[in-house]
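If you count the sequence shown from 1, position 123 lands on 118 in our numbering, and the numbers rise without skipping.
Quick reminder that beta carbons are idealized off the backbone N, C-alpha and C, glycines included.
The structure presented is a predicted model; accordingly, all values stated were derived computationally and were not measured.
These notes concern the structure reproduced below.
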Amino acid sequence: MSRIVTSLAAFTALTAAAAAADLPRRAPPPVFTPVPVFTWTGAYFGINAGYITTTKDTVFTAGVLPANNGVINGNRPAALPLPQDGFTGGGQIGYNYQLTPGAGVVVGLEADAAYTDLNRSRGFIGTNRGISVFRQSTDYLGTVRGRLGYAFDRTLVYATGGFAYGDVSYRGLYESAAGVPTFYGARTRTETGWTAGGGIEYALPTDSFLNFFKSSAVTVKAEGLYYDLGRRSVVLAGLPGVGVGSYVSRFQNEGVLGRVGLNYKFGSY
């Protein structure tokens, strides 16, 4: 009897083992890898290009001595517009900090410098056939600005404003009807002022074909800025033997620019 019980127990154990071997194996749970949330936090550098034009560019002139009455009698221009426009292109560096990843407020600081194709010469022939020629040019324009915006994931809308500076040259020349120079004045200096504007920026995927520097993100932007570099008075002094006294011409430096840019961001994802 004991042999029968022992045989039944062994048979039952073997049957259970065989059945267990046929059961499907339980796979290990998948490893969850969270997708990183994009943030605008980080340093960046880039390039920009666009179009720039003046909005206030009239030269106002007045005589200093009573004998300098060319403006009064119409032989010299009291107000002569010098509109300027052209290409602008340069580079920028900056840093952004996003308060909350994904969507949230972004604050930042940016500095840029750009070549500007702003230059214009214009002549005027007065009532007594006197020839007046004025010229104004801006070789470069730079800014140091704060930025405040709101990010919708990879899209950033921002306002910006701060300090502006530029290298500006002024020149004025008066000639007689016969073409003899009588009054002349010129000045070149770095002008300073302010700028304000806004823009929109979008972050491309990290594996974008534009990511030559293997940065954490490549961003493209479009922005517009208004700048004011103030006004500058230039003395047109009488030349020896032909001019007595002097005139004073006041130039203006205000304009707008629109540009697009490409940035390479480093730091957080």
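Under a three-way DSSP split, which group does Q131 fall into?
Here residue 131 corresponds to residue number 136 of the sequence shown, with the count starting at 1. In the three-state scheme derived from DSSP, where H, G and I count as helix and E and B as strand, Q131 is classed as strand.
Is there contact here, the stretch 94 to 105 with the stretch 237 to 249, by at least three beta-carbon pairs under 8 Å?
In this structure the stretch 94 to 105 does not lie against the stretch 237 to 249, because fewer than three pairs of beta carbons, one per stretch, are closer than 8 Å.
Over what stretch of residues does the beta strand (DSSP E) that includes A57 continue unbroken?
Position 62 of the sequence shown, counted from the start, is the residue given in the question as residue 57. Per DSSP, the continuous beta strand (DSSP E) segment holding A57 begins and ends at T53 to G58.
Taking 9 Å as the cut-off, decide whether the C-beta atoms of L257 and N91 are in contact.
On the sequence shown, position 262 is the one that residue 257 refers to. On the sequence shown, position 96 is the one that residue 91 refers to. Contact: no.
Rounded C-alpha distance that separates G103 from G250
For the purposes of this step, residue 103 is identified with residue 108 of the sequence shown, where counting begins at 1. For the purposes of this step, residue 250 is identified with residue 255 of the sequence shown, where counting begins at 1. For G103 and G250, the distance between alpha carbons rounds to 24 Å.
Beta-carbon within less than 7 Å of F246's beta-carbon, same chain only, minus the 5 sequence neighbours each way: which residues are those?
Here the question's residue 246 lines up with position 251 in the sequence shown. The residues are V54, Q131, Y165, R226, R227 and V229.
Counting pairs of beta carbons, one from the stretch 213 to 227 and one from the stretch 188 to 200, are three or more of them closer than 8 Å?
When C-beta atoms of the stretch 213 to 227 are compared with those of the stretch 188 to 200, three or more pairs fall below 8 Å, so the two segments count as touching.
Count the C-beta pairs between the stretch 147 to 156 and the stretch 107 to 120 that are closer than 8 Å, then say yes if the count reaches three, no if not.
No, the stretch 147 to 156 is not in contact with the stretch 107 to 120.
When we look at the beta-carbon of K51 and count the other beta-carbons within 10 Å, is it buried (16 or more) or exposed?
Against the sequence shown, residue 51 aligns to sequence position 56. Under the 10 Å beta carbon count, K51 is surrounded by fewer than 16 other beta carbons and is classified as exposed.
Helix, strand or coil at L234 [DSSP, three-state]:
Position 239 of the sequence shown, counted from the start, is the residue given in the question as residue 234. If DSSP states are grouped into helix, strand and coil, L234 belongs with coil.
Who are the near neighbours of Y135 in its chain, counting only those whose CB is closer than 7 Å to its CB and skipping five residues on each side?
As a working mapping, residue 135 is identified with position 140 in the sequence shown. So the qualifying residues of the chain are A108, A109, Y110, T111, G161 and D162.
If you draw a straight line from the alpha carbon of N123 to that of R182, how long is it in whole angstroms?
The residue you call residue 123 lines up with position 128 of the sequence shown. The residue you call residue 182 lines up with position 187 of the sequence shown. Here the alpha carbons of R182 and N123 stand approximately 27 Å from one another.
When the distance is taken between beta carbons, is G125 closer than 9 Å to A172?
The sequence position of residue 172 within the sequence shown is 177, counting from 1. The sequence position of residue 125 within the sequence shown is 130, counting from 1. Contact: yes.
Would you report the Cα separation of L151 and Y259, rounded to the nearest angstrom?
Here the question's residue 151 lines up with position 156 in the sequence shown. Here the question's residue 259 lines up with position 264 in the sequence shown. Roughly 15 Å separates the two Cα atoms.
Simplified DSSP state of S171, which is helix, strand or coil
Stepping through the sequence shown from its first residue, residue 171 is reached at position 176. Of the three classes helix, strand and coil, the one that applies to S171 here is coil, per DSSP.
Which whole-angstrom value is the C-beta distance of G253 and L224, which I expect to be below 8 Å?
Sequence index remark: in the sequence shown, residue 253 carries index 258 (1-based). Sequence index remark: in the sequence shown, residue 224 carries index 229 (1-based). Not confirmed; about 18 Å, so no contact.
Rounded to a whole number of angstroms, what is the C-alpha to C-alpha distance between R140 and D80?
Counting from 1 along the sequence shown, the entry for residue 140 is found at position 145. Counting from 1 along the sequence shown, the entry for residue 80 is found at position 85. Those two C-alpha atoms are separated by around 23 Å.
Relative to the alpha-carbon of G41, which residue among G58, L60 and A106 has its alpha-carbon at the smallest distance?
By one-based count along the sequence shown, residue 41 stands at place 46. Per the Cα distances, A106.
Within this structure, are the beta carbons of F178 and L220 separated by less than 9 Å?
In the sequence shown, counting from the first residue as 1, residue 178 sits at position 183. In the sequence shown, counting from the first residue as 1, residue 220 sits at position 225. The criterion of a C-beta distance shorter than 9 Å is not satisfied by F178 and L220.
Rounding to the nearest angstrom, what Cα-Cα distance links G37 and G194 in this structure?
Your numbering for residue 37 matches position 42 in the sequence shown. Your numbering for residue 194 matches position 199 in the sequence shown. C-alpha separation (whole angstroms): 19 Å.
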